[in-house]
Amino acid sequence: MSRSKVADLLEKLTRLVPGISGYQDREKRRAADKAVRERAAAAVLGCREKLLGIMADLARTKGISNLESVGTLEQVAVKLERVEDELRFASYGYAGYFDREGIDLDDLKTLYEIDVELLEAAGNLEGLVGDSLPSPPASGWVKELDDAVESLSRSVSDRKKNLENEGS
Numbered sequence: 147m148s149r150s151k152v153a154d155l156l157e158k159l160t161r162l163v164p165g166i167s168g169y170q171d172r173e174k175r176r177a178a179d180k181a182v183r184e185r186a187a188a189a190v191l192g193c194r195e196k197l198l199g200i201m202a203d204l205a206r207t208k209g210i211s212n213l214e215s216v217g218t219l220e221q222v223a224v225k226l227e228r229v230e231d232e233l234r235f236a237s238y239g240y241a242g243y244f245d246r247e248g249i250d251l252d253d254l255k256t257l258y259e260i261d262v263e264l265l266e267a268a269g270n271l272e273g274l275v276g277d278s279l280p281s282p283p284a285s286g287w288v289k290e291l292d293d294a295v296e297s298l299s300r301s302v303s304d305r306k307k308n309l310e311n312e313g314s
């Protein structure tokens, strides 16, 4: 069956069954929501993997300062993993938001603003980690990295709170 035939059938179906077009719109919003979260989670995963590589390099070399750096970076890596999990597994809690009939444009605008903030925070984290991490990492860089992770975590929390408040 050709795409135009399928499109014609879908159009006919939407005329025959009231509310089905809203269902399609909700499905598109769910897919977009998942794409945003997956993009941010992929950025976090990439940063965490680079960080784990640096930690492994530091652990192989001798020296107390290297071991202290590994411990500090481990704390950041744990935070990164928690944020990644929150992003990847959030869909179940957000379903109610996208099931509503007639989502208000202001609500969508707020969600989109939060999504932009989330992706910018993930991009900032990626830029900070980059391709060449300091080895051993300077304490200022580790603090900046930790602050970037906290900023991303706040964006994820803000997004979750917004969706939970608007979905009820």
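For this note's numbering, add 146 to where a residue sits in the sequence shown, where the first one is 1. Each residue gets a CB set at the ideal place from its N, CA and C atoms; glycine is no exception. Since the model is a prediction, treat every value here as computed from it, not as a measurement.
| Asked | Found |
| --- | --- |
| Report the three-state DSSP secondary structure of G276 (helix, strand or coil). | coil |
| What is the DSSP secondary structure of T218, reduced to helix, strand or coil? | helix |
| Taking buried to mean at least 16 other C-beta atoms within 10 Å of its own C-beta, is S285 buried or exposed? | exposed |
| Quick check on DSSP: helix, strand or coil for T207? | coil |
| Helix, strand or coil for A177 per DSSP? | helix |
| For A284, does the three-state DSSP call read helix, strand or coil? | coil |
| Can you give me the Cβ contacts of E263 inside the same chain, cut-off strictly under 6 Å, excluding the 5 residues immediately before and after it? | S301 |
| Relative to the C-alpha of D179, which candidate in L291, L254, L298, D293 has its C-alpha closest? | L254 |
| Among L257, E272, E266, A294, which one has its Cα closest to the Cα of E310? | L257 |
| Would L198 pass as a contact of A223 if the rule is Cβ separation under 8 Å? | yes |
| Buried or exposed: which applies to L204, given that a residue is buried once 16 or more other Cβ atoms fall within 10 Å of its Cβ? | buried |
| Can you tell which of A202, A236, I200 has the C-alpha that lies nearest to the C-alpha of A177? | A236 |
| Smallest Cα separation from A186: which of E266, L213, W287? | E266 |
| With A189 and G269 assumed to form a contact (beta carbons below 8 Å), what rounded beta-carbon distance in angstroms separates them? | 7 Å |
| Count the other CB atoms, across all protein chains shown, that sit within 10 Å of the CB of R206; report buried if there are 16 or more and exposed otherwise. | exposed |
| Rank E272, S215, L213, E296 by C-alpha distance to the C-alpha of E195 and give the top, closest one. | E272 |
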